[in-house]
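Below is one structure; the comments refer to it alone.
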Amino acid sequence: MNLTIDENLGILQETVQRFASQQLTTEGLTQGFTAAEKEQLFGGLTELGVFHVTLSEDQGGFGFGPLALPLILESIGAANPSLAAYLAFHLALADPASPETPCAVGVTPTSGQTARLFSFLDAPESTRILTGPTIAAPVATTVTAKASPDALGLSGLHHTTCDLDGAPSSPVDNSALSSLMTALAATAVGLSQGALREGLAYAAEREQFGKALNRFQAIQFKLADMEAHRLSAQWLTYRAATDSTLAAAALSRATESAAFIADEALQIHGGYGYTKEYPVETFFRDAQELRRIAADTLALHWSL
651 MNLTIDENLG ILQETVQRFA SQQLTTEGLT QGFTAAEKEQ LFGGLTELGV FHVTLSEDQG
711 GFGFGPLALP LILESIGAAN PSLAAYLAFH LALADPASPE TPCAVGVTPT SGQTARLFSF
771 LDAPESTRIL TGPTIAAPVA TTVTAKASPD ALGLSGLHHT TCDLDGAPSS PVDNSALSSL
831 MTALAATAVG LSQGALREGL AYAAEREQFG KALNRFQAIQ FKLADMEAHR LSAQWLTYRA
891 ATDSTLAAAA LSRATESAAF IADEALQIHG GYGYTKEYPV ETFFRDAQEL RRIAADTLAL
951 HWSL
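For the sequence shown, counting from 1, position 262 maps to 912 in our numbering; every step adds exactly one.
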């Protein structure tokens, strides 16, 4: 087991982090991107080669190794969990013959039931839904989609549902589900990093009784506890990238840690944390929605 971030992985991580800092703005996180901005972001990710990262060299991939996936999704998730959550599905379920094709993605624990779909672009060109031993690929005539108004977070995505009855499907091995669980865990780790960053920044700038919040021992303990949760989830996610038997544990741990960290960051902000003026409000809601998606994915895992 090698969890070392070598020179090539370090360059990849720095490149994606630079893209995230330049393109994934705070306004995009809290208010969403326009259709044109989403197309531009998708094109930028294509130029970076993100959609080939999980492919083997024989399939046209770059041979970065298993840690490339969590490093990419962490970097993007810290800036925009909605995009990272979509990419987690896309990278795990995309057709290797056309990995850059925009698609609506989803997971359902039982084949034949209604599936929840997520799409980043306004007009995806295909649909990929993991149902367990198969990936369903409904076509326009078999999908009955409707808006899903109960989505608590990940508002940067289009949330819909569709009926899978009669939808064509193709068999897949268990690696698709393991890859998806690890990818979602990495997204949660990224979300944790973003929420912790917001908590640290606010604690440094906000003053009470003549000194910054981060000078109070109670806040210091809180921040240290948040970092401990983040590090443990990150380590388990990296392990899962090299050992698929740990994927479910990583997903469970990472999403619960993300919800905890986002809630603690919101508490540090006090009443301001509940307003859209601060990004922590978005991280908090995204953490709850990501936990719901993780529950569906884990339910599928336990049913196999």
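Don't be surprised by glycine CBs; every beta carbon is placed ideally from N, CA and C.
* To do: Please state whether DSSP places residue 953 in a helix, a strand or coil.
  => helix
* Asked: Where does residue 768 sit, in a helix, a strand or coil, going by DSSP?
  -> strand
* **Proximal residues to residue 665 (C-beta, below 7 Å), its chain only, five neighbours per side dropped** => 698
* Beta carbon of residue 911 nearer than 8 Å to that of residue 941 -> no
* Could you give the distance in angstroms between the alpha-carbon of residue 672 and the alpha-carbon of residue 695? -> 13 Å
* Can you tell me whether residue 660 is buried or exposed, with buried defined as 16 or more other CB within 10 angstroms of its CB? -> exposed
* Asked: In angstroms, rounded to a whole number, what distance separates the CA positions of residue 899 and residue 825?
  -> 15 Å
* What are the partner residues of residue 616, as DSSP defines its beta bridges? -> Lying outside 651 to 954, the shown extent of the chain, residue 616 is not represented and no answer is given.
* **Cβ neighbours of residue 795 in the same chain (closer than 6 Å, five flanking residues each side left out)** => Confidence at residue 795 is low in this model, with a pLDDT of 43, below 50, so the placement of that residue is unreliable and no value is reported for it.
* Contact under 8 Å by Cβ, residue 737 with residue 723 -> yes
* **Span of the beta strand (DSSP E), counted from its first residue to its last, around residue 756** => 753 to 757
* Asked: DSSP state of residue 927, grouped into three classes?
  -> coil
* Determine the direct distance from the alpha carbon of residue 765 to that of residue 815, and round the result to whole angstroms. => 10 Å
* Asked: Taking the continuous beta strand (DSSP E) assigned at residue 776, which residues delimit it?
  -> 776 to 780
* Asked: Over what stretch of residues does the alpha helix (DSSP H) that includes residue 809 continue unbroken?
  -> Run containing residue 809: none in the alpha helix (DSSP H); it sits in the beta strand (DSSP E), 808 to 813.
* Would you say residue 952 touches the ligand GDP, meaning its beta carbon is less than 7 Å from a heavy atom? -> With respect to the ligand GDP, the structure offers nothing, as it holds no ligand at all.
* 6 Å Cβ shell around residue 727 - same chain, five flanking residues per side excluded -> 734, 837, 840, 841
* To do: Grab the span of the alpha helix (DSSP H) containing residue 745 for me, first residue to last.
  => Note, residue 745: premise wrong, no alpha helix (DSSP H); not H, not E.
* Asked: What span of residues does the alpha helix (DSSP H) with residue 921 cover, start to end?
  -> Where residue 921 is concerned, there is no enclosing alpha helix (DSSP H), given that its DSSP letter is neither H nor E.
* Asked: Ordered along the chain, which non-local residues of its own chain (more than five positions away) have a Cβ less than 6 Å from that of residue 887?
  -> 720, 835, 836, 839, 900, 904
* Exposure of residue 658, with buried meaning 16 or more beta-carbon neighbours within 10 Å -> exposed
* Can you round the beta-carbon distance between residue 784 and residue 821 to whole angstroms, since I take them to be within the 8 Å contact cut? -> 5 Å
* **residue 707 - containing alpha helix (DSSP H), residue span** => Segment: none, residue 707 is in no alpha helix (DSSP H) and carries neither H nor E.
* One or two residues paired with residue 861 in a DSSP bridge -> 858
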